[in-house]
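Just below is one structure, and these are the notes that go with it.
Numbering (full-length UniProt numbering), first residue to last: 1 to 192.
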């Protein structure tokens, strides 16, 4: 069974977690686990309390198949080489890493975007939040999520394409279902 770990910081963005976690668990049968900085429950921006399965430093996290860095302002002040090393090793092992909104700051600080196409909440913003990150020349300025190898990045305004990008890496054989999921949400913005 595929195991995905959602890294949730205090004030995690529930609208960014919802589409990806629901698609993976409900439609693709992925086991979802939650890691928080201290292993304690964390409250979202919208007031949802998420129970934690692990701390960020729990060694069992290296066994996961998918790592999801869900946006939170807390990522902008986060600097933990052990977590960055875990993410780099996950990429080296061919595992999937997804970063959305301020979660992209952790990915940039871990140097996951070096030499890879990626996106975030803005090229200048990401550069300010992650000084010295080496991926600026490969920044893609678009609203949709960007997939480069086994890494998916997205701005906070793109939770559905982020979810679809992760799902396509996990279950490419489920393209019809994943495209249908995206289309379901796109109908809200279709002209009447």
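All residues carry an ideal CB built from backbone N, CA and C; glycine is no exception.
- Going by beta carbons, residue 145 and residue 158 fall inside the 8 Å limit.
- An exposed status is given to residue 59, since fewer than 16 other beta-carbon atoms sit within 10 Å of its beta-carbon.
- Taking the Cα of residue 165 as reference, the smallest distance to any Cα among 187, 24 and 36 is reached at 24.
- Within the UniProt domain "DJ-1/PfpI" (6–165), the complete beta strand (DSSP E) runs of at least 3 residues fall at 31–36, 66–69, 96–100, 146–148 and 151–154.
- The beta carbon of residue 62 sits closer than 8 Å to those of 86, 89 and 90, all from its chain and outside the five residues before and after it, given in chain order.
- Of the candidates 74, 187, 32 and 186, the residue whose Cα lies closest to the Cα of residue 68 is 32.
- Per DSSP, reduced to three states, the secondary structure at residue 171 is coil, with no helix or strand assignment.
- The alpha carbon of residue 5 has as its nearest neighbour, out of 21, 155, 29 and 167, the alpha carbon of 21.
- Residue 108 holds the alpha-carbon nearest to the alpha-carbon of residue 138 among 129, 163, 108 and 160.
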